[in-house]
Each structure stands twice: as C-alpha cells, then as structure tokens.
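>
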Amino acid sequence: MNEQMEPEQMLDELLNYLIHVERQTLLMVQRGVKTRESLIKVADNYLKKREVPKDTREKILNHFTKFIWGYYVLEEAINDPDISDIKVLSENNVRIKRKGKRMSTDISFPSKADYKRFVSMVAVKNKTNLADINAIQSFTDKHSNDNFILRFNIATDFVNSTDVPYMHIRKLPKKKYSMENLIEFGMLDKEMADYLINAAGSSGGILFTGKGASGKTTLMNVLLEYIPHEYSGLIIQENEELFSNTHPDLMFQHIVENNGEGKIKYDLRDLGRNGLLTDLDYFIIGEIKGGEALYLLNAVYTGHRCWASVHGMNSTEAIDKLADYVKYESDYSINDIRRMLTGIKTIVYLQNFRIMEISETRGYTGGEIMYERIF
Numbered sequence: 226m227n228e229q230m231e232p233e234q235m236l237d238e239l240l241n242y243l244i245h246v247e248r249q250t251l252l253m254v255q256r257g258v259k260t261r262e263s264l265i266k267v268a269d270n271y272l273k274k275r276e277v278p279k280d281t282r283e284k285i286l287n288h289f290t291k292f293i294w295g296y297y298v299l300e301e302a303i304n305d306p307d308i309s310d311i312k313v314l315s316e317n318n319v320r321i322k323r324k325g326k327r328m329s330t331d332i333s334f335p336s337k338a339d340y341k342r343f344v345s346m347v348a349v350k351n352k353t354n355l356a357d358i359n360a361i362q363s364f365t366d367k368h369s370n371d372n373f374i375l376r377f378n379i380a381t382d383f384v385n386s387t388d389v390p391y392m393h394i395r396k397l398p399k400k401k402y403s404m405e406n407l408i409e410f411g412m413l414d415k416e417m418a419d420y421l422i423n424a425a426g427s428s429g430g431i432l433f434t435g436k437g438a439s440g441k442t443t444l445m446n447v448l449l450e451y452i453p454h455e456y457s458g459l460i461i462q463e464n465e466e467l468f469s470n471t472h473p474d475l476m477f478q479h480i481v482e483n484n485g486e487g488k489i490k491y492d493l494r495d496l497g498r499n500g501l502l503t504d505l506d507y508f509i510i511g512e513i514k515g516g517e518a519l520y521l522l523n524a525v526y527t528g529h530r531c532w533a534s535v536h537g538m539n540s541t542e543a544i545d546k547l548a549d550y551v552k553y554e555s556d557y558s559i560n561d562i563r564r565m566l567t568g569i570k571t572i573v574y575l576q577n578f579r580i581m582e583i584s585e586t587r588g589y590t591g592g593e594i595m596y597e598r599i600f
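Numbering-wise (the working numbering), the sequence shown opens with residue 226 and increments by one.
1) Under 7 Å Cβ to Cβ from residue 548, same chain only, skipping five residues before and after it: list those, please.
2) Under 8 Å: do the stretch 410-419 and the stretch 335-342 share three or more Cβ pairs, one atom per stretch?
3) Under 8 Å, with one C-beta from each stretch per pair, do the stretch 313-321 and the stretch 277-288 reach the 3-pair mark?
4) Leaving out five residues before and five after residue 514 in sequence, what residues of the same chain have Cβ atoms less than 7 Å from its Cβ?
5) Report the option in 349, 380, 350, 298 whose CA atom is closest to the CA atom of residue 363.
6) Within the same chain, show all residues whose beta-carbon is closer than 7 Å to that of residue 443, passing over the 5 residues directly before and after it, in chain order.
7) Name the two residues that bound the continuous beta strand (DSSP E) containing residue 575.
8) Residue 427 by DSSP, collapsed to three states: which one?
9) Could you check the C-alpha separation between residue 496 and residue 262 for me, to the nearest Å?
10) Is residue 383 buried or exposed, if buried means 16 or more other CB atoms sit within 10 Å of its CB?
11) Compute the Euclidean distance between the alpha carbons of residue 227 and residue 247, then round it to the nearest angstrom.
12) Put residue 346 into one of helix, strand or coil per three-state DSSP.
13) Need the endpoints of the beta strand (DSSP E) that residue 557 sits in, please.
14) At the level of alpha carbons, what is the spacing between residue 259 and residue 298?
15) Under 8 Å, with one C-beta from each stretch per pair, do the stretch 518-535 and the stretch 424-441 reach the 3-pair mark?
16) Go to residue 606, then tell me how far its alpha helix (DSSP H) extends in each direction, as first and last residue.
17) Can you give me the C-alpha to C-alpha distance between residue 264 and residue 250, rounded to a whole angstrom?
18) To the nearest angstrom, how far is it from the Cα of residue 490 to the Cα of residue 480?
19) Here's a check: name, in chain order, each residue in its chain whose Cβ is nearer than 8 Å to the Cβ of residue 575, leaving out the five neighbours to either side.
20) If you compare alpha carbons, which of 377, 266, 267, 343 is closest to residue 334?
21) Verify the CB distance criterion: does residue 406 have a CB-CB separation below 8 Å to chain C?
22) With a 10 Å radius around its C-beta and 16 neighbouring C-beta atoms as the bar for buried, classify residue 461 as buried or exposed.
23) Considering Cα atoms alone, identify which of 372, 424, 283 is closest to residue 306.
24) Pull up the CB-CB distance for residue 303 and residue 370, whole angstroms please, since I reckon it's below 8 Å.
25) What do you get for residue 309, buried or exposed, if any count of 16 or more other CB atoms within 10 angstroms of its CB means buried?
26) To which residues of the same chain is residue 541 closer than 6 Å at the C-beta, ignoring the five residues directly before and after it?
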C-alpha cells in the first residue's frame, strides 16, 4: 500500500471499486443471491492485492461492513428513539427532528464525494436505481434496524439546484404505539380516544387530515388494532408504514415503482381497482395524492368502511380535497362526488402530533356538506 495513503483513503478506493467495478457482486449480495461473506472476501482480496497490512485490512473491513450494511455516520441518529426524522441537505448539513422540533447536528460526512457514494449505496442496498430517469425515489427499509422501519425519500442532483442529493429518512417504530401512549404524548385525551375507538368499529369511514408529519399515519396505525376481528380489510399504501400485529383478516399491499430496469409498476390505482374485487368490509388507503381517490369513492358508495389520509387545513375541508382528486380522474360532477363522499362519517384533523378537530358529516344539502364539530 502506498505509505502516503491513509486507511480512510483506502476505504474510499475499496468502496469505489465495489460500486463501480464489482457492482454486480454487490447487487447480488443485496438481493440475497450471494452471501455477505462472499462480498467481504472480495473486499479482502482487493486489499491484499494492494498489499494492505493485516491489521489495517481488519480496520478497513470493519468500517466497510458498517458502510455497506449499516447507515454509517447516521447510525446513532437512526437508533435514537427521540429522533423521528433525519434530513441530509449536504455532506455537512444534517438536520433532525427531535420530539417535534427541527434542529441542526454536528453529524457530517468526510467529504462531498463520500456523501454521494453513501447515497448511492443506500439505493443499491434497497434495490433501487438512482439513474437520471429515477432521480426522485421513495422506498422503505424494514430490515436493517431492529427498532424502526426507515422510509427514504431521495432526490438526486439531477433535479436539485445543488450539486448534491437530498435525503430524508422518516423513522417508524416497529413496536406499535398504543392508545395509552398517544394520550401520554399529548396527541389526544381519554374522551377523544374513546370516541375514536368506537368510530374504528362502527363509523362508516374515517378521514385523517393535516400536513406532513402531523401524526396521521401514527394515529391510523393505532386504530387499525380496534377494527373488530369479524371484519376483513385491505390496506394499500405507497410505503410500508401501516401494519397490524393482532388482526387476523387484514391484508396489506404497497406500490411497486418502475426503477428503470424494467417496466413492472403497480400504483395505488392498480391496487385499489383490484381491491374492490375482493371480499372486504374495510378499504383503507394510507395516503391519497391523486387518482386513487376514485376507488375510495367507489368503495364508500358501495358500503365499505373507508379510511384514508389526505393533506388538509382543517376537518371540514378535507373531503373537498378528496373530491378534487376524484374529479381529476372521473366525469362525475363535483356535487355528485361530494354527496357520495359523505359516506365518510368522521374527519380527524391533526397538527404537530396533536388532534385539533374532529368533525362528523351530517348529510348533503344545497350543494354543501353538512358538518357537526365533535371536538
């Protein structure tokens, strides 16, 4: 080994070699076709050819395994239970959200090239392609961490106005919160909790609304456990965030994106269309962003108990937002859409992980949905 080359530089060379020269081996290991040990052996052989001393090789291989199978300098933040979000804006600008408050950190990557390589490795290990045709990607890692599901959103420098990628990680606890936990966190009080537990089993449908990171998914996930076991249901979602540990008859599906290496793609509309052909009582869409709203409408109007989340400003405007999405996808009049959507009886508005309003629909009169504020 060149005496001027530090172990960190040698690690850089090794990672570049594996990403660019031995990429196929790396992909096969990530897909489970080859073992981790086989990749470590390839790395070790590379270092031997570079005449790296044994003790230095061991040190480099230790860092290498953390880079490949862990999340490197972000690992401590990922394991911190008080941190819900990690946002990387550059190699030396890592922001976190701790207990609902955004703040800067002293976390940094050794260099811009190191950060770019890390983002590429995150994509590879999650079987995702960040080529220019796939410059914006969202995916979920359910396996790397024992305590959290990790949802990634990556936008590369192909679309950014900077020369580095952006990466956001949302952490979702694998151990579900209980309703008692949500009360302790201040999301709601006991009276609201009792109301929502009853609504989960008897309401015609529940719509959760608020902006991103307001607590919609967390609350929906808790309430899934209160769906009576004699009912069946389908939950479709963009990322694998909603799950049940106890219900015997709930099915969960997620979208499949075209990653540039093939033409396989199943979006929420595909899943929703198929879902309406199965034996269901509950039809649930994790988050509505577009034309899949039409299938929620069809489910509502055919007697299913429907849940969904949608971005919104308050509890009485969320259904209008849904109606707009349906209108983009159908020839229904906006009045007919609103009338049919009144089958969703309960609307919950959250802000900053706290329930601010709960309303119920009371019918449709004179072109307007009638609401009653419950909380």
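Where a beta carbon is used, it is the ideal one built from N, C-alpha and C, also for glycine.
For this structure:
1) 559, 562, 563, 566
2) At 8 Å Cβ cutoff, the stretches do not touch.
3) no
4) Here the set comprises nothing.
5) 380
6) 402
7) 571-575
8) helix
9) 38 Å
10) exposed
11) Annotation note: pLDDT 48 at residue 227 (below 50); position unreliable, coordinate value reported separately. Spanning the alpha carbons of residue 227 and residue 247 requires a straight line of approximately 22 Å.
12) helix
13) That residue, residue 557, is in no beta strand (DSSP E); it is neither H nor E in DSSP.
14) 26 Å
15) yes
16) Examination of residue 606 is not possible in this model, given that the chain is present from 226 through 600 alone.
17) 7 Å
18) 8 Å
19) 412, 433, 434, 435, 439, 440, 441, 444, 581
20) 343
21) Although the question refers to chain C, the structure presented lacks it and comprises just one protein chain.
22) Taking every protein chain shown into account, the CB of residue 461 has 16 or more other CB atoms within 10 angstroms, so this residue is buried.
23) 372
24) 6 Å
25) By the 10 Å Cβ count, residue 309 comes out buried.
26) 584, 596
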